[in-house]
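Peer 1: Protein chains in written order, with my numbering: chain A, 1 to 277; chain B, 278 to 494.
Here a beta-carbon is modelled for each residue, glycine too, at the ideal position from N, C-alpha and C.
Just so we're clear, the structure is a prediction, and the values are computed from it rather than from any experiment.
So that we are looking at the same thing, I have put the structure below in structure tokens.
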């Protein structure tokens, strides 16, 4: 087996499992939420039909939302177990954490200069600024849709604790944040991770947990150099996943991308028929 | 002798009045549902801000809520349309109240106007005896579908104004500012990142054609 055929371990199984759960719940929430939002259109009614119609799709949305929030809480607890509390808070800083640091701000501006041909490509370590942005965007997005979603889950109960008119606001905040999340994932995230010239035809790192050494040297040169310096590179190299699994990841990934683009395109086509007030 | 006489009088009074009083007491069934008088279900002046001072600590919150510009005088009348020229009960409500025809209650659940505005003639929603009056709206209107509705719940604005329209800033400031904040946040993400990633893609393509990027050491 040559070095060229070896891949660098990037995501352990537990991280891929988090991402897989996120995909399943996010897409379920997206489909059921849009079906309910567009229920007055033929497209919305058709989608809601798969979930038992108007009431059914709302129940699916609510139940998935609760599971999503439970998953989010579990993730927070998991993250707390990953913190090196003995060296806290210093342990939050460093090249392997997802906490935003000064180096990320520098990385953003270096990247911007490179895009305009005004500087050389930045040498990202394990996580680039946009990967951290994608990670934390889920946090603030889930907090916003989660809090407003809980307020709307049982409006009669909620209005025991808050004025009922806050539900008018909660509904709009919930909608706009959900549209922002879906719009971001179905355009920017899909493009950056799968359709950029260097990512085409499909970046399976989040599915098989590996990245080719060549791509790693291109996308995260400082990470590869650090592993090499610390003598950990050889141990981090793993063989390519079986062909069957690669085909499965490719097909599964593209099925999700196709579903996202389907939701995006039909939402745009039907937006004129919406009754939002 | 005098005491005995008083006791006899009391007994006689009870013997006569109890059956009469019993006839005026509603049956158990009607007690459970309603006695038929609005005021039995009315709330004490509570969340209804026209009638009540809010606790000081919540003043700031309610000052951002709906109906900041006040309520039309006609909303306090028994017949809200009494001064409306050319009004006819045969006309459709939505002929004049066009902006109310796109409410979610109507378009999604199929609720018609008179299912909530049920008094005839249509009374002002702030008329004291109106079933839509906020002091009893929760019990007489909302609770028909939303079991357990409270006065607070009934402050949800069914005929919501356009949250992005300029008049909403005066009428319902919290809705206006919250919605604009979210629109700017969402719009900002797309306005910044879509051109960014397109240019990024172009740059990568150029680098790829040149044989790979040159990294900053």
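Would you check if the distance between the CB atom of residue 145(A) and the CB atom of residue 170(A) is smaller than 8 Å?
Peer 2: For residue 145(A) and residue 170(A), no; Cβs fall outside 8 Å.
Peer 1: Check whether the region 95–103 of chain A touches the region 37–54 of chain A, counting contact only when three or more Cβ pairs, one atom from each stretch, lie closer than 8 Å.
Peer 2: No, because fewer than three Cβ pairs between the region 95–103 of chain A and the region 37–54 of chain A fall closer than 8 Å, the two stretches do not touch.
Peer 1: Is the CB-CB distance between residue 290(A) and residue 433(B) below 8 Å?
Peer 2: Outside the displayed range of chain A (1 to 277) lies residue 290(A), so it cannot be described from this structure.
Peer 1: Is any beta-carbon of chain B found at less than 8 Å from that of residue 184(A)?
Peer 2: Interface residue, yes.
Peer 1: How about residue 369(B): is its C-beta nearer than 8 Å to some C-beta of chain A?
Peer 2: No, its Cβ sits nowhere closer than 8 Å to a Cβ of chain A.
Peer 1: Can the beta-carbon of residue 411(B) be found closer than 8 Å to that of residue 438(B)?
Peer 2: No; because the gap between Cβ atoms is not below 8 Å, this pair is not in contact.
Peer 1: If you reduce the DSSP assignment to three classes, tell me which class residue 132(A) lands in.
Peer 2: Note: residue 132(A) maps to helix in three-state DSSP.
Peer 1: Check for me: the alpha helix (DSSP H) holding residue 480(B) runs from which residue to which?
Peer 2: Residue 480(B) -> alpha helix (DSSP H) spans 450–487.
Peer 1: Is the closest heavy atom of the ligand COA to the C-beta of residue 288(B) under 7 Å?
Peer 2: By its list of ligands, the structure shown contains no ligand whatsoever, and the ligand COA lies outside what it can speak to.
Peer 1: With burial defined as no fewer than 16 other Cβ atoms inside 10 Å of the residue's Cβ, what is the status of residue 186(A): buried or exposed?
Peer 2: Buried: at least 16 other Cβ atoms inside 10 Å.
Peer 1: Taking a cut of 7 Å between CB atoms, which residues from the region 158–172 of chain A lie near chain B?
Peer 2: Going along the region 158–172 of chain A in chain order, one finds 159, 160, 163, 164, 165, 167, 168, 169 and 172 with a Cβ nearer than 7 Å to chain B.
Peer 1: Would residue 409(B) pass as an interface residue toward chain A - the criterion being a Cβ-Cβ separation below 8 Å?
Peer 2: It does not: the Cβ of residue 409(B) has no partner Cβ on chain A nearer than 8 Å.
Peer 1: Taking all protein chains shown into account, do 16 or more other C-beta atoms lie within 10 angstroms of the C-beta of residue 303(B), making it buried, or fewer, making it exposed?
Peer 2: Because residue 303(B) sits at a pLDDT of 40, beneath the cut-off of 50, its placement in the model cannot be relied upon, and the following sentence gives the value as read from the coordinates. Flag for residue 303(B) reads exposed.
Peer 1: Using a Cβ cut-off of 7 Å, pull out every chain A residue sitting near residue 467(B), in sequence order please.
Peer 2: Simply 183.
Peer 1: So residue 53(A) and residue 21(A) are supposed to be a Cβ contact under 8 Å. How far apart are they, rounded?
Peer 2: Contact doesn't hold; Cβ gap of about 27 Å is too wide.
Peer 1: Can you give me the C-alpha to C-alpha distance between residue 424(B) and residue 76(A), rounded to a whole angstrom?
Peer 2: Roughly 36 Å between the two C-alpha positions.
Peer 1: Under 8 Å: do the region 216–233 of chain A and the region 110–127 of chain A share three or more Cβ pairs, one atom per stretch?
Peer 2: Touching, per the Cβ criterion.
Peer 1: Please check the pair residue 346(B) and residue 448(B), which I expect to be a contact at CB under 8 Å, by giving their CB distance rounded to whole angstroms.
Peer 2: Indeed they touch by this definition, with Cβ atoms about 5 Å apart.
Peer 1: Start and end of the alpha helix (DSSP H) containing residue 63(A)?
Peer 2: Looking at the DSSP string, the run of the alpha helix (DSSP H) that includes residue 63(A) is 53–82.
Peer 1: Give the DSSP-derived three-state secondary structure of residue 98(A) in the structure shown.
Peer 2: Coil.
Peer 1: Note down the Cα distance separating residue 362(B) from residue 443(B), rounded to an integer number of angstroms.
Peer 2: Residue 362(B) and residue 443(B): Cα-Cα distance of roughly 29 Å.
Peer 1: Can you name the start and end residues of the beta strand (DSSP E) that residue 212(A) belongs to?
Peer 2: That run of the beta strand (DSSP E) goes 210–212.
Peer 1: What would DSSP say about residue 216(A), mapped onto helix, strand or coil?
Peer 2: Residue state, collapsed to three classes: helix.
Peer 1: If you count every other CB in all the chains shown that lies within 10 Å of the CB of residue 110(A), and 16 or more means buried, which is it?
Peer 2: By the neighbour-count rule (16 or more Cβ atoms within 10 Å), residue 110(A) is buried.
Peer 1: Can you confirm whether residue 196(A), when its beta carbon is compared against all beta carbons of chain B, has any partner nearer than 8 Å?
Peer 2: So yes, residue 196(A) belongs to the interface.
Peer 1: How about residue 466(B) and residue 184(A): do their beta carbons lie closer than 8 Å?
Peer 2: Yes. Within cutoff.
Peer 1: Is any beta-carbon of chain A found at less than 8 Å from that of residue 421(B)?
Peer 2: Closer than 8 Å: no.
Peer 1: Indicate whether at least one CB of chain A lies closer than 8 Å to the CB of residue 434(B).
Peer 2: With 8 Å as the cut-off, residue 434(B) counts as an interface residue toward chain A.
Peer 1: Going by CA-CA distance only, name the one from 462(B), 487(B), 387(B) and 399(B) that's closest to residue 197(A).
Peer 2: Comparing Cα positions, the closest option is 487(B).
Peer 1: Are the Cβ atoms of residue 460(B) and residue 441(B) separated by less than 8 Å?
Peer 2: Yes; because the gap between Cβ atoms is below 8 Å, this pair is in contact.
Peer 1: Give the DSSP-derived three-state secondary structure of residue 418(B) in the structure shown.
Peer 2: Reduced to three states, the DSSP call for residue 418(B) is coil.
Peer 1: How long is the line joining the alpha carbons of residue 162(A) and residue 156(A), rounded to whole angstroms?
Peer 2: In a straight line, the C-alpha of residue 162(A) is about 10 Å away from that of residue 156(A).
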